[in-house]
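Colleague: Letter by letter, the sequence shown follows residues 30 to 512 in this note's numbering. Built from N, CA and C at the ideal position, the CB exists for glycine as well. Nothing here was measured: the structure is a model prediction, and the numbers come from that model.
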Amino acid sequence: MPLRTPEQYFQSLRDARRVYYRGRAVPDVLDHPVIGLAARHAAIDYEMAEDPRYRDLAVVDGTSRYFVPPRSTDDLLSRSRLIETATRLGGTLVVLIKEIGTDALFGLSIVAHEMDKRLGTPYAERVRAFHKHCAEGDLALAVAQTDVKGDRGLGPAEQAARGHPDAYLRIVERRPDGIVVRGAKAHTSVSTNANELIVLPTRAMAEADADYAVAFAIPVDTPGVTLIASPHGGGDKNTFEHPIAARHKMMETLTVFEDVFVPNERVFMAGEWQFAGPLALTFVEYHRFTAVSYKLPLVDALVGVALLLAEYNGVERAGHVRDKLSWLIAYAEGLRALTHMAAHRCQRHPTVLGGEIAVPDPLTVNTAKLHFASNYHQAVARVQDIAGGLLVTGPAEEDLGAELGDRVRHYLGGKLGTDTEARLRALNLASDLTASDFGGYQEVLAVHAEGSIEAEKLTILRNYDHRTARDYARQLADTGRGA
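1) Please classify Pro-151 as buried or exposed, where buried requires at least 16 other C-beta atoms within 10 Å of its C-beta.
2) Between which residues of its own chain and Gly-480 is the CB-CB distance below 6 Å, once the five residues before and five after are set aside?
3) Skipping 5 residues on each side, what residues in its chain have a beta carbon closer than 6 Å to that of Phe-159?
4) Pick out whichever of Thr-368, Phe-290, Leu-122 and Thr-422 has its Cα sitting closest to the Cα of Glu-270.
5) Determine the direct distance from the alpha carbon of Ser-460 to that of His-378, and round the result to whole angstroms.
6) Could you check where the alpha helix (DSSP H) with Leu-458 kicks off and where it finishes?
7) Can you name, in chain order, every residue of its own chain whose Cβ lies under 6 Å from the Cβ of Ile-139, other than the five neighbours on each side?
8) So the beta strand (DSSP E) Phe-286 belongs to, where does it begin and stop?
9) Cutting at 6 Å between CB atoms, please list the residues of its own chain near Leu-168, excluding the five before and the five after it.
10) Contact between the segment 366 to 374 and the segment 95 to 106 is defined here as three or more beta-carbon pairs at a separation below 8 Å; is this criterion met?
11) Taking the alpha carbon of Glu-15 as the reference point, which residue from Lys-146, Asn-492, Arg-436 and Glu-301 has its own alpha carbon closest?
12) Please report the straight-line C-alpha distance between Val-89 and Pro-252, rounded to a whole angstrom.
13) Please report the Cβ distance between Val-321 and Val-394, rounded to the nearest whole angstrom; I am assuming they are in contact, meaning their Cβ atoms lie under 8 Å.
14) Below 8 Å, how does it come out for the segment 411 to 427 and the segment 457 to 474: are there three or more Cβ pairs, yes or no?
15) Let me confirm a value: Lys-444 is counted as buried when at least 16 other C-beta atoms fall within 10 Å, else exposed. Which label applies?
16) Quick one: which unbroken alpha helix (DSSP H) runs of 4-plus residues sit fully inside the segment 292 to 329? Chain order, please.
17) Look up Val-243 in the DSSP assignment and say whether it is helix, strand or coil.
18) Do the segment 116 to 136 and the segment 286 to 298 make contact, defined as three or more Cβ pairs closer than 8 Å?
19) Would Thr-463 and Ala-402 qualify as a contact pair, given that the criterion is a beta-carbon distance under 9 Å?
20) In its own chain, which residues sit with a C-beta less than 8 Å from the C-beta of Ile-358, not counting the 5 before and 5 after it?
21) Answer yes or no: do Asp-74 and Tyr-50 have a C-beta to C-beta separation smaller than 9 Å?
22) In whole angstroms, what is the alpha-carbon distance linking Glu-17 and Val-328?
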């Protein structure tokens, strides 16, 4: 099949999917004022494939680059550049309808290879077939990984004693032709406007948790699946006050599975508890590389709007402002350098998709993600400090009209020669990035998305070469002993 057009993508969303927004069923996601905006944002991927400016980046031999397994550093860098470019076109908001799904497919391709080799399971061919189905159909994919967890002090199987056996998604029935699952997943991005839903385990499992060690893929409109969409960031917005959020949206859902049947050919793990942790980890290492790639336009925007407002406010030469600007630039460029280094240090693993697949270096990826996440709120504070209080007290677009416009322009002109409307638009961009519901969304994502800050620290500790570092320190400490 050829690559899909945006219109073909839109038409594929008109199916039997069960979506709710603020307690009401959504009969057509494209007609919904909020979810439809998210679908149009997601179409950026399909638009890039048709645009001569981006086609060579977005398409490889007639297939979306996202579905092409990276074999080398250059392949990873091209994937990163595609993610960064799409996010830049999306006004700093990631598109994600193929990024996250192919992160999951690549993780599955590595772990299925190892499972089949060690346990004699039949998953390799299933993963290959599903990958082919998605690539040839040019499909939009969502990933449901994070379980609702219930009592977080307990493991999956232990939840039943507290009366909540469905706190983690589980297999409730095994049939000759497939499995039946029950439970829910939280924070499922782009699910309202995806075609396929890939489900992965969220953590390592013990033998007692075997029924919770499950991975599979189903069409979003599969009977028994209900998508309860988050209203955060919804509602009417104008492009003057919300230059990003009025144009771009991504939906998140609580994804409920009520006795959902999954046919065998769509099952990629069903009780192999030993591999639940490795699958969760392999997916997230790809996905953190995706994350640091799509954070680049966001940090660039913070730098750009800080530079712009420093000039408009007439403080670009103030010492403390220059200090803040240099910090922001170093923050953004440090993230870019670490992202590229993760590709240069890539590791290669056998895969069911043929040959070896390049995996971004886990140590560098997690260092990049930690650098972004642990400094993001400080970056926001620096932008807010440079911008000033008008971020949240500025006038409305209507106030620039005939009756009040002269007053607004007279009093809010900023540095001599500055166009007042341009200054207000820059302030509103900074407000959307740092002081709106969209800004709050990005701040929460910095802490929790693609794994927590603590998870990143643990991964850094686990992947660092402790022995070599200790041996070097021991060598230095022993130098000259007894002299």
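Modeller: From the atom records:
1) Position 122 of the sequence shown, counted from the first residue, corresponds to residue 151. The residue is exposed, with fewer than 16 neighbouring Cβ atoms inside 10 Å.
2) For the purposes of this step, residue 480 is identified with residue 451 of the sequence shown, where counting begins at 1. Within the same chain, Gly-480 has close Cβ partners Val-313.
3) Locating residue 159 in the sequence shown gives position 130, counting from the first residue. Excluding residues within five positions, the ones whose Cβ falls inside 6 Å are Ala-246.
4) Here residue 270 corresponds to residue number 241 of the sequence shown, with the count starting at 1. Of the candidates Thr-368, Phe-290, Leu-122 and Thr-422, the one whose C-alpha sits nearest the C-alpha of Glu-270 is Thr-422.
5) Along the sequence shown, one-based indexing puts residue 378 at 349. Along the sequence shown, one-based indexing puts residue 460 at 431. The straight-line gap from Cα to Cα measures roughly 44 Å.
6) Taking the sequence shown and counting its residues from 1, the one referred to as residue 458 is at position 429. Start and end: 449 to 463.
7) In the sequence shown, the residue the question calls residue 139 occupies position 110. The answer, listed in chain order, is Thr-311, His-378 and Thr-380.
8) Reading the sequence shown from its first residue, position 257 is the one you call residue 286. Taken as a continuous stretch (DSSP letters only), the beta strand (DSSP E) holding Phe-286 covers 281 to 292.
9) Within the sequence shown, residue 168 is the residue found at index 139, counting from 1. Asn-224 and Glu-225.
10) yes
11) This structure cannot speak to residue 15, because the chain is shown only from 30 to 512.
12) Your numbering for residue 89 matches position 60 in the sequence shown. Your numbering for residue 252 matches position 223 in the sequence shown. Whole-angstrom Cα-Cα distance: 35 Å.
13) The count along the sequence shown starts at 1 and reaches residue 321 at position 292. The count along the sequence shown starts at 1 and reaches residue 394 at position 365. Sure, about 7 Å apart at Cβ, within 8 Å.
14) yes
15) The residue given as residue 444 occupies position 415 in the sequence shown. Classification for Lys-444: exposed.
16) 305 to 323
17) As a position in the sequence shown, residue 243 is number 214, starting the count at 1. Val-243 falls in the strand class under three-state DSSP.
18) no
19) As a working mapping, residue 463 is identified with position 434 in the sequence shown. As a working mapping, residue 402 is identified with position 373 in the sequence shown. No, they are not a contact pair.
20) To locate residue 358, count along the sequence shown from 1; it is residue 329. Answer for Ile-358: Val-332, listed in chain order.
21) Working through the sequence shown from its first residue, we reach residue 74 at position 45. Working through the sequence shown from its first residue, we reach residue 50 at position 21. Against a cut-off of 9 Å, the Cβ pair of Tyr-50 and Asp-74 comes out as no contact.
22) Absent from the model: residue 17. The displayed extent of the chain is 30 to 512, so no value can be given.
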